[in-house]
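S.K.: Going down the list, the protein sequences come from chains B and S.
Sequential numbering from 1 applies to the first sequence in my numbering.
Sequential numbering from 278 applies to the second sequence in my numbering.
Have a look at this one before I ask anything.
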Amino acid sequence: MSTLLDVEDLRVTFPTRTGLVEAVRGVTFSLGRERLGIVGESGSGKSQTGRAIMGLTPPQARISANKLAFDGIDLLSVSPRERRALRGKRIAMILQDPKYSLDPVMSIGRQIVETLRTHEKVGKAEARDRALAMLEAVQIRDPARVFDLHPHEVSGGMGQRAMIAMMLIAGPEMMIADEPTSALDVTVQLDVLGILDRLVSERGMGLIFISHDLRLVSSFCDRVIVMYAGKVVEQLKASELGRAQHPYTRGLLNCMPKIGADRHPLPVLDRKPEWAA
Amino acid sequence: MTAAIAVDRLGVIFDRFHALKGVSLDVQPGESFGLVGESGSGKSTLLRAIAGLAPVASGSITVNGKKLGTRREKAFYREVQMVFQDPYGSLHPRQTVDRLLQEPLAIHGFADGEKRIQRALDEVGLGNGFRFRYSHQLSGGQRQRVAIARALILEPSILLLDEPTSALDASVQAEVLNLLEEVRRRRKLTFLMVSHDLAIITHMCGRLMVMQSGEAVENLSADDLVERRVTKDYTRNLLRASDGFVRA
Numbered sequence: 001m002s003t004l005l006d007v008e009d010l011r012v013t014f015p016t017r018t019g020l021v022e023a024v025r026g027v028t029f030s031l032g033r034e035r036l037g038i039v040g041e042s043g044s045g046k047s048q049t050g051r052a053i054m055g056l057t058p059p060q061a062r063i064s065a066n067k068l069a070f071d072g073i074d075l076l077s078v079s080p081r082e083r084r085a086l087r088g089k090r091i092a093m094i095l096q097d098p099k100y101s102l103d104p105v106m107s108i109g110r111q112i113v114e115t116l117r118t119h120e121k122v123g124k125a126e127a128r129d130r131a132l133a134m135l136e137a138v139q140i141r142d143p144a145r146v147f148d149l150h151p152h153e154v155s156g157g158m159g160q161r162a163m164i165a166m167m168l169i170a171g172p173e174m175m176i177a178d179e180p181t182s183a184l185d186v187t188v189q190l191d192v193l194g195i196l197d198r199l200v201s202e203r204g205m206g207l208i209f210i211s212h213d214l215r216l217v218s219s220f221c222d223r224v225i226v227m228y229a230g231k232v233v234e235q236l237k238a239s240e241l242g243r244a245q246h247p248y249t250r251g252l253l254n255c256m257p258k259i260g261a262d263r264h265p266l267p268v269l270d271r272k273p274e275w276a277a
Numbered sequence: 278m279t280a281a282i283a284v285d286r287l288g289v290i291f292d293r294f295h296a297l298k299g300v301s302l303d304v305q306p307g308e309s310f311g312l313v314g315e316s317g318s319g320k321s322t323l324l325r326a327i328a329g330l331a332p333v334a335s336g337s338i339t340v341n342g343k344k345l346g347t348r349r350e351k352a353f354y355r356e357v358q359m360v361f362q363d364p365y366g367s368l369h370p371r372q373t374v375d376r377l378l379q380e381p382l383a384i385h386g387f388a389d390g391e392k393r394i395q396r397a398l399d400e401v402g403l404g405n406g407f408r409f410r411y412s413h414q415l416s417g418g419q420r421q422r423v424a425i426a427r428a429l430i431l432e433p434s435i436l437l438l439d440e441p442t443s444a445l446d447a448s449v450q451a452e453v454l455n456l457l458e459e460v461r462r463r464r465k466l467t468f469l470m471v472s473h474d475l476a477i478i479t480h481m482c483g484r485l486m487v488m489q490s491g492e493a494v495e496n497l498s499a500d501d502l503v504e505r506r507v508t509k510d511y512t513r514n515l516l517r518a519s520d521g522f523v524r525a
């Protein structure tokens, strides 16, 4: 399997009034053309890991790594200009809430066309046709109508599909999805995941799926990385989640209520300081 | 036995939008009842209507045998308290925990505030160290504990819970759910709980109602749901969705 992304000892540090805070502390993993899940609770550094790869870390933060390479390109030394060419074209990102991450004053169609024309030389008519085809590919029933709608006029599920369409239209090789379905209803969640799954496998993309929901990730991804306090505590195949070794992973799996399991009170996580060490 | 909460053909209309279309519901004293459905199904609106926070257009609400008018009396709020979804939005940002907890006591003219605040904080597992902190100095789980303490401080008999754990991490969620179960057992409270998560509802509630676009789809016991004895496709879809993603 060819390696798309290589991350070795990634660190993201934020200066604060009380000193330096390390949000990501030495994360190492690699990604091929597969679905990789990154799971952790709030503050575990999972989103900052995704943002560092995408180049969206706030300017005051410091990033260091032994290696941060996408398809052989060193992302740490690359110029902002080259970085911009990568972003959107070869690496795409889906964010949590379409309400906040789509431009509210621009129609959905125009936003998709804008992405396409930033990265490829295409005429207006062709761009429109390709945007419509993309909207259809994310299972929007009436693409011509949705093309002209503004983000506030569509539901959460529809907005998230539009965002996926926008991210896929330039044909990226790698996609980072940061909690792409947490703002959606459970049934809509599955539709969106189904679309994502199909497009990723059809196009042979690498996908990094960042989520707090261990069960959802394990049913969707091939491999799972579990993060705690900025570190990777466990890496395992999604199918082997039941055999997780680390007490944090097991605790996280255990503390969720399940239909049919009569456990009162629920087991709670007993956080050990050595997990974060 | 009179029901703790009896809702009869309740209708709620926002402008021209019918958010609730004749929903009926009975919750017995000491029972824990769940409301499930997707966003827009009206489950939160039903809860808010009972608390007096939504415009009731038709039907009636009876609490502990007393029919409610359009205005809630002070006595109502000693019986019924609510815990909201977002612990970041439901606590006053410029008041300390102490001040937050004093407010309901002052409104209802309790004299032994000092003792009650200490007891309420102990009960939710926060202790005195948290008393003079502001809400931004607390984590999400701690804030939700403060919100629960604020609801319990008037010793109500009914708690309305609107997605009390959906903004929390899984491990913190378990702690807050355990706390809620414990106070319910100790104080023999009646719960009416809204959640989009079927697993949480079956864990917390004995009976539940499934809602869709402002109407009741079906009434089930938690056991029905566990054994998958559901009659409506909508509920079946929800159940399937809660199992996680299945590759086609």
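By construction, the Cβ of each residue, glycine as well, lies at the ideal position given by its N, Cα and C atoms.
Owing to the predicted nature of the structure, the values given are computational and were not obtained by experimental measurement.
(1) Suppose you measure from the CA of residue 330 of chain S to the CA of residue 523 of chain S; what does that come to, to the nearest Å?
(2) My understanding is that residue 207 of chain B touches residue 224 of chain B, with C-beta atoms under 8 Å, so please give their C-beta distance in whole angstroms.
(3) Taking 8 Å as the cut-off, decide whether the C-beta atoms of residue 309 of chain S and residue 461 of chain S are in contact.
(4) List, from N- to C-terminal side, the alpha helix (DSSP H) runs of 4 residues or more that fit wholly inside the segment 138-167 of chain B.
(5) Quick check on residue 266 of chain B - is its C-beta less than 8 Å from some C-beta in chain S?
(6) Starting from residue 260 of chain B, find everything on chain S with Cβ-Cβ shorter than 7 Å and list it in chain order.
(7) So residue 477 of chain S contacts chain B; which residues on that side make the cut at Cβ distance below 7 Å?
(8) Which residues of chain B have a Cβ atom closer than 8 Å to the Cβ of residue 519 of chain S, listed in chain order?
(9) Can you check which of these residues, S:466, S:513 and S:504, is closest to residue 487 of chain S by C-alpha distance?
(10) So for residue 181 of chain B, helix, strand or coil by DSSP?
(11) Using a beta-carbon distance below 8 Å, is residue 316 of chain S in contact with chain B?
(12) For residue 41 of chain B, which residues in chain S fall below 9 Å Cβ to Cβ?
(13) Whose C-alpha, out of B:145, B:248 and B:141, is nearest the C-alpha of residue 44 of chain B?
(14) Alpha carbon to alpha carbon, how far is residue 198 of chain B from residue 466 of chain S? Give it in angstroms, no decimals.
(15) Report the option in S:457, S:286 and S:345 whose CA atom is closest to the CA atom of residue 359 of chain S.
(16) Could you name the residues of chain B that residue 440 of chain S contacts, counting a contact when the two beta carbons are closer than 7 Å?
(17) Closer than 7 Å to a non-hydrogen atom of the ligand MG - does that hold for the CB of residue 203 of chain B?
(18) Find the residues of chain S that neighbour residue 215 of chain B, judging by a C-beta separation of less than 8 Å, and give them in chain order.
(19) Would you decide whether residue 235 of chain B is buried or exposed? Buried here means 16 or more other CB atoms lie within 10 Å of its CB.
(20) Check distances from the C-beta atoms of the segment 294-319 of chain S to those of chain B and list, in chain order, the residues that come in under 8 Å.
(21) Let me confirm a value: residue 239 of chain B is counted as buried when at least 16 other C-beta atoms fall within 10 Å, else exposed. Which label applies?
(22) Which residues in the same chain as residue 92 of chain B place their Cβ atom closer than 8 Å to its Cβ, once the five residues preceding and following it in sequence are excluded?
(23) With distance defined between alpha-carbon atoms, name the residue in S:506, S:490 and S:438 nearest to residue 361 of chain S.
(24) With 8 Å set as the bound, which would you pick, yes or no: does the beta-carbon of residue 251 of chain B sit closer than that to a beta-carbon of chain S?
(25) For residue 413 of chain S and residue 371 of chain S, I'd like the C-alpha separation in whole angstroms.
(26) By the three-class DSSP mapping on this structure, what secondary structure does residue 132 of chain B have?
(27) Just to confirm the assignment: which complete alpha helix (DSSP H) runs, minimum length 4, are found wholly within the segment 355-386 of chain S?
(28) For a test of the three-state rule: what should DSSP assign to residue 117 of chain B, helix, strand or coil?
(29) DSSP on residue 452 of chain S, reduced to helix/strand/coil?
(30) By Cβ distance below 8 Å, which residues in the same chain neighbour residue 508 of chain S in space, the five residues on each side in sequence not counted?
(31) Am I right that residue 5 of chain B and residue 38 of chain B are in contact with their C-beta atoms under 8 Å? What's the rounded C-beta distance?
(32) Should residue 36 of chain B be flagged as near chain S, meaning a C-beta pair shorter than 8 Å?
(33) Would you mind giving the Cβ-Cβ distance between residue 267 of chain B and residue 254 of chain B, rounded to the nearest angstrom? I have them listed as a contact below 8 Å.
(34) With a threshold of 8 Å between beta carbons, is residue 29 of chain B in contact with chain S?
(35) Go ahead and pull the three-state DSSP assignment for residue 353 of chain S.
(36) For the alpha helix (DSSP H) holding residue 495 of chain S, just list the boundary residues, first then last.
M.R.: Based on what the coordinates show:
(1) 40 Å
(2) In fact, because the Cβ distance is near 13 Å, the residues do not count as touching under 8 Å.
(3) yes
(4) 143-147
(5) yes
(6) 503
(7) 257
(8) 186 and 259
(9) S:513
(10) coil
(11) yes
(12) 446, 447, 448 and 449
(13) B:248
(14) 48 Å
(15) S:457
(16) The contacting residues do not exist; residue 440 of chain S stays about 13 Å from chain B at best.
(17) Here there are no bound small molecules, and the ligand MG is not part of this structure.
(18) 521
(19) exposed
(20) 315 and 316
(21) exposed
(22) 167, 168, 170, 172, 174, 175 and 176
(23) S:438
(24) yes
(25) 9 Å
(26) helix
(27) 374-384
(28) helix
(29) helix
(30) 495
(31) About 12 Å separates the two Cβ atoms, so there is no contact after all.
(32) no
(33) 5 Å
(34) no
(35) helix
(36) No alpha helix (DSSP H) holds residue 495 of chain S; the beta strand (DSSP E) holding it covers 492-498.
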